Amino acid sequence: MDQSKFTDTNKLLEGIAEISNAIMDHNYLDDLLGLIVSVTAKITGSKICSILLLDKKKNELVLRACQKDSGSYSQRANTPLGKGVAGRVALTNKPLTSLDVQRDPRYINKKIAIAEGLVSLLSVPMSVEGEVIGVINCYTSEAHEFSKEDIMTLTTVATQAAVLFKNTELRIMKEIIQKELDERKVIDRAKEILMDKKKISGKTAFELIRRQSMNSRTSMAKIAESIILASTFD
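This is how it looks when you write it as structure tokens:
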């Protein structure tokens, strides 16, 4: 790893700014994660930089982004919480380093490390208000003893990335909820039109919309919009 790249404060600030500035243009979480690993790899000069997100239902870390198109690394198995280096990081919410993952008994993907030529690892938690949502891993191709400054650098990036990811996730959820509410209002309005026009109950009107949706393979919201539009010409 290029030591100057990892500890260069200007590159760190530029990288964080790049992530922050791009956040408004990324509504899709996978795109955002891809951006984060690309910027982080550029900041640190890592051979491989990856993000593993915590699946709370299964209690395991799942690979969600990697800046390098790697067949073996990208096909790695999920990491159980508390297992391996990354699993321990996620469990304890504390960074860990490994001078040589190919020999480290804590590391559980040695075959992949050998195949990819991975040596040293710095793994830091992505956490928001004490809640771990994932881990960022940065690997080198040569042995590298990570300094306190190295750890602080990647921790800063990981914290910023976690906040941005969480905010984007919340924003998307709000947009989905708002869309569902808007669609419900449209369907309710279409029901009222059918009830008044055909002198039928709300339940029957809803069934008419639902049946038309199924027959035409079109969303109920689209059918409802058509009913509302048609009513304006009656």
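Numbering (the numbering used here), first residue to last: -17 to 216.
Where is the CB? At the ideal position from N, CA and C, for every residue including glycine.
Being a predicted model, the structure only gives us computed values, none of them experimental.
Inset, instruction - Using only alpha-carbon positions, find the residue among 205, 46, 120 that is nearest to residue 173. - result: Here the closest residue by C-alpha is 205.
Inset, instruction - In the DSSP assignment, find the alpha helix (DSSP H) that holds residue 71 and state where it starts and stops. - result: Secondary structure note for residue 71: its alpha helix (DSSP H) is the uninterrupted segment 66 to 74.
Inset, instruction - Count the C-beta pairs between the region 33 to 52 and the region 66 to 73 that are closer than 8 Å, then say yes if the count reaches three, no if not. - result: Three or more pairs of CB atoms, one per stretch, sit closer than 8 Å, so the region 33 to 52 contacts the region 66 to 73.
Legend entry - Opposing strand residues paired with residue 78 [DSSP bridges]: Per DSSP, 105.
Legend entry - Validate contact between the region 131 to 148 and the region 48 to 57 using beta carbons, cut 8 Å, 3 pairs: Here the region 131 to 148 makes no contact with the region 48 to 57; the two share fewer than three CB pairs at distances below 8 Å.
Inset, instruction - Please list, in chain order, all residues of the same chain as residue 42 whose beta carbon is under 7 Å from its beta carbon, the five residues on each side excluded. - result: Once the five neighbours on either side are set aside, the close Cβ partners of residue 42 are 60, 61, 62, 63.
Legend entry - N-terminal and C-terminal residue of the alpha helix (DSSP H) that residue 83 is part of: Per DSSP, residue 83 is not a residue of any alpha helix (DSSP H), being assigned neither H nor E.
Legend entry - Alpha-carbon to alpha-carbon, residue 213 and residue 229: Within the shown structure, residues of the chain are numbered from -17 to 216, placing residue 229 beyond reach of any answer.
Legend entry - Span separating the alpha-carbon of residue 218 from that of residue 149: Nothing about residue 218 can be reported from this structure: the residues present for the chain run from -17 to 216 only.
Legend entry - Where the beta strand (DSSP E) containing residue 116 begins and where it ends: Counting along the chain, the unbroken beta strand (DSSP E) around residue 116 starts and ends at 113 to 121.
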